[in-house]
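> Everything in the sequence shown is counted per my numbering, starting at 126 for the first residue and increasing by one.
Cβ atoms here follow ideal geometry from the backbone N, Cα and C, with glycine treated the same way.
The structure's right below; bear with me while I get my questions together.
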Amino acid sequence: MVMNGEIEWLQLSKGWQQKQSDYFSAQKALDDTMSSYLGAKGTPPSRQVMDKVSDLRLQMFEARAAMDAFIAAHASGQQEKHNLPRHQ
């Protein structure tokens, strides 16, 4: 039986994991390119590559923020449902 919000949570967490994986892969490639360049074995990374890594990082943060908002909304609902005190 699927609980309320479980599908949304799975979609959010899977999306975040994919964004995180994409970002880390792109960042590693950028790091390798820069390392080669500094070792006089290649060219510096292009602005386009650096912008792509920045965009992927932002997408990862946005996906995490969506997860945090989901958690906050459900935690708030659970506190109200059970009359639990809110921590500040």
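With H, G and I counted as helix, E and B as strand and the rest as coil, what does DSSP make of lysine 166?
Correct three-state label for lysine 166: coil.
> With DSSP collapsed to three states, give me the class of serine 160.
Serine 160 falls in the helix class under three-state DSSP.
> How is serine 171 classed by DSSP in three states: helix, strand or coil?
Residue state, collapsed to three classes: coil.
> In whole angstroms, what is the alpha-carbon distance linking serine 146 and threonine 158?
Their backbone Cα atoms lie some 18 Å apart in a straight line.
> Could you check what DSSP says for glycine 140 in three-state terms: helix, strand or coil?
Residue state, collapsed to three classes: helix.
> For isoleucine 132, count neighbouring Cβ atoms within 10 angstroms of its own Cβ and tell me buried if that reaches 16, exposed if not.
Exposed, by the Cβ-count rule.
> In whole angstroms, give me the CA-to-CA distance for alanine 198 and leucine 135.
So the two alpha carbons sit approximately 16 Å from each other.
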